[in-house]
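Q: Residue numbers (the numbering used here), protein chains in the order written: chain L, 1 to 398; chain S, 1001 to 1058. A virtual CB, placed ideally from N, CA and C, is assigned to each residue, including glycine. I'd like to ask some things about the structure below.
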């Protein structure tokens, strides 16, 4: 690690890795600092990503793809299962990744492209000058190094602290944190190519429970519930244990992880003087699905592109960096977040009886594909009231 | 006073994201509680594993 970089990236997840790689490809010097001793571990993710979304950044490789998905199923609160099949039998629609290896691959590629990487190295404070972020103090094995940077990209995840230290309120509302637990389960009877989502206030209040196959007889079995609904005796782990005991009594958990997934609106502003916030730290997780890998990579790349332009023009002020904020909000991703936030807000207010009704009605339709958007369109078609709830946003769905 | 049951904590950072004071920080596998913690208990509520507890001061 040197004392000066054009771009200093805090966090070695997908957002940080793509940001650093993009920066060096633009001819800048860049360094990723990761507080954990290993890239990719521990996993904090259900590991699902859409096929096209992944292809935008990297060609799939069996080394870090656990399983290919060809279908999905939604289980209503009353137990009714709605199966969604790909238009072409056997056509891949998504992947369940192996994040331990996927994240490593992304950081490895950033390193190959010329970025520096420092693990077990934690940004412990920003370096500020006249209100502008000029770098960070990096603690590594008891030593503190002052690293100055043209632009700092904070990609420090859901537990992000860096932007908060720079004066930005990143607090996630209690009702909008998905308190989550996941087991990697072995020796279970599953369809190895179908993701399953369970909905309902009894099974996963204001969230959902998932089975994401990792291979034959092996899957990520996890749950996210609203922080508002969490408490002693009724935590995410209590709900998940109850489900697992009933559904996979013979299954063996070979990994247990916890996590928090934000399903709030993104930060009001994702830039400051000398600072860009990307990925989960910017709260750009899809509020409906909880998916954040693509959004992290997208914002990471854009952050580095805008940083590069601004460094070249010798203006890294908030005003100049605002191009990043404006661009992602206007993007397909930004619009999807906005739309899905309102759909999530509608769905979490529905009682189980209404959720049953929605899922039963949609299942009668012949869905040709099952992107989140096509599913939403069908839900709206059979529930016109949702159109009113969405107000002006409804136009973006038609 | 906020107490971390370190044998239960999954060091996931869920609590850090909801802390209104910014008083929690996850340093690798170790959750730090800073002096400005007000023992409001929001973190204890959302913890997926039940590793946090607001204990009475004695």
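Closer than 7 Å, Cβ to Cβ, to anything on chain L: give me those residues from the region 1022-1036 of chain S, in chain order.
A: Going along the region 1022-1036 of chain S in chain order, one finds 1022, 1025, 1026, 1027 and 1028 with a Cβ nearer than 7 Å to chain L.
Q: Which of the three DSSP states is assigned to residue 180/L in this structure?
A: Looking at residue 180/L - three-state DSSP - the assignment turns out to be strand.
Q: Excluding five sequence neighbours on each side, which residues of the same chain lie with their C-beta closer than 8 Å to the C-beta of residue 356/L?
A: Hits under 8 Å: 76, 77, 78 and 80.
Q: Residue ranges of each beta strand (DSSP E) run of no fewer than 3 residues wholly in the region 33-88 of chain L, ordered along the chain?
A: Counting whole runs of 3 or more residues, the region 33-88 of chain L contains the beta strand (DSSP E) stretches 48-50, 65-69, 71-75 and 81-85.
Q: Rounded to whole angstroms, what's the CA-CA distance from residue 373/L to residue 379/L? Just pull it up for me.
A: Near 10 Å, if we compare the C-alpha coordinates of residue 379/L and residue 373/L.
Q: Using beta carbons (cut-off 9 Å, strictly below), is residue 1017/S in contact with chain L?
A: It does; some Cβ of chain L falls within 9 Å.
Q: Flag this pair as yes or no: are the beta carbons of residue 248/L and residue 284/L separated by less than 9 Å?
A: No, the Cβ-Cβ distance between residue 248/L and residue 284/L is not below 9 Å.
Q: What residues match up with residue 102/L in a beta bridge as DSSP calls it?
A: According to DSSP, which records beta bridges pairwise, residue 102/L is partnered with nothing at all.
Q: Within 9 Å of any Cβ in chain S, is that where the Cβ of residue 314/L sits?
A: Taking Cβ atoms only, chain S never reaches closer than 9 Å to residue 314/L, which makes this a no.
Q: For chain L, find out if any of its Cβ atoms is closer than 9 Å to the Cβ of residue 1049/S; answer yes or no.
A: So, interface residue.
Q: Which residues, in order along the region 163-175 of chain L, keep a beta-carbon less than 7 Å from a beta-carbon of chain S?
A: Per Cβ criterion, the list reads 164, 171, 172 and 174.
Q: Would you identify the three-state DSSP class for residue 162/L, choosing helix, strand or coil?
A: Three-state DSSP puts residue 162/L in a helix.
Q: Distance, Cα to Cα, residue 213/L vs residue 363/L?
A: Their backbone Cα atoms lie some 23 Å apart in a straight line.
Q: Determine the chain L residues that contact residue 1041/S at a beta-carbon separation under 7 Å, and present them in chain order.
A: Per Cβ cutoff of 7 Å: no residues; residue 1041/S is ~10 Å from chain L at best.
Q: When the Cα of residue 108/L is compared with those of 128/L, 365/L and 21/L, which residue comes out closest?
A: Minimum Cα distance to residue 108/L is reached at 21/L.
Q: What three-state label does DSSP hand residue 190/L in the structure shown?
A: Of the three classes helix, strand and coil, the one that applies to residue 190/L here is coil, per DSSP.
Q: Can you tell me whether DSSP reads residue 1040/S as helix, strand or coil?
A: Residue state, collapsed to three classes: coil.
Q: Give the interface partners of residue 35/L over in chain S, defined as CB-CB distance under 9 Å, in chain order.
A: Within chain S, the residues near residue 35/L are 1026, 1027 and 1028.
Q: Would you report the Cα separation of residue 34/L and residue 361/L, rounded to the nearest angstrom?
A: When rounded, the distance between both Cα atoms is 47 Å.
Q: So who's on the other strand from residue 7/L, going by DSSP bridges?
A: Answer is 30/L and 151/L, bridged to residue 7/L.
Q: On a CA-only basis, which of 1004/S, 1056/S, 1047/S and 1057/S is nearest residue 258/L? Give me that one, please.
A: Minimum Cα distance to residue 258/L is reached at 1047/S.
Q: For the beta strand (DSSP E) holding residue 381/L, just list the boundary residues, first then last.
A: Per DSSP, residue 381/L belongs to no beta strand (DSSP E); it is in the alpha helix (DSSP H), 372-382.
Q: For the region 185-202 of chain L against the region 67-76 of chain L, are there 3 or more C-beta pairs whose distance is under 8 Å?
A: Taking 8 Å as the limit for Cβ pairs, the verdict is that the region 67-76 of chain L does touch the region 185-202 of chain L.
Q: With a Cβ-Cβ cutoff of 9 Å, do residue 138/L and residue 152/L count as a contact?
A: It is not a contact, given that the beta carbons lie outside the stated cut-off.
Q: If I'm right that residue 103/L touches residue 14/L with Cβ under 8 Å, what's the distance once you round it to whole angstroms?
A: Contact holds; Cβ gap of about 7 Å.
Q: Given 8 Å as the limit, is there contact between the region 91-106 of chain L and the region 116-127 of chain L, that is, 3 or more CB pairs closer than that?
A: No: the two stretches stay apart, fewer than three of their Cβ pairs being nearer than 8 Å.
Q: So which of 282/L, 49/L, 101/L and 117/L has the shortest CA-CA distance to residue 63/L?
A: Nearest of 282/L, 49/L, 101/L and 117/L to residue 63/L, Cα basis: 101/L.
Q: Would residue 1046/S count as contacting chain L if we go by Cβ distances under 9 Å?
A: So, interface residue.
Q: Since residue 48/L meets chain S, which of its residues come closer than 7 Å, beta carbon to beta carbon?
A: Per Cβ cutoff of 7 Å: no residues; residue 48/L is ~18 Å from chain S at best.
Q: Take the Cβ of residue 388/L as the centre, count every other Cβ of all protein chains shown within 10 Å, and call the residue buried at 16 or more, exposed below.
A: Exposed, since its Cβ has fewer than 16 Cβ neighbours within 10 Å.
Q: Residue 161/L CB to nearest chain S CB: under 9 Å?
A: Yes, residue 161/L counts as interfacial toward chain S.
Q: Are the beta-carbon atoms belonging to residue 188/L and residue 236/L less than 9 Å from one another?
A: Not closer than 9 Å, so no.
Q: Considering only residues of the same chain and omitting the five flanking positions on each side of residue 105/L, which have a CB-CB separation below 6 Å?
A: These residues qualify, in order along the chain: 64.
Q: Name the chain S residues whose beta carbon is nearer than 8 Å to that of residue 237/L?
A: Result: 1048, 1049 and 1050.
Q: Just curious, the beta strand (DSSP E) that residue 1054/S is in, first and last residue?
A: 1052-1054 is the span of the beta strand (DSSP E), which, as asked, contains residue 1054/S.
Q: Assuming residue 308/L contacts residue 4/L (C-beta within less than 8 Å), just tell me the rounded distance between them.
A: Not a contact, Cβ separation roughly 16 Å.
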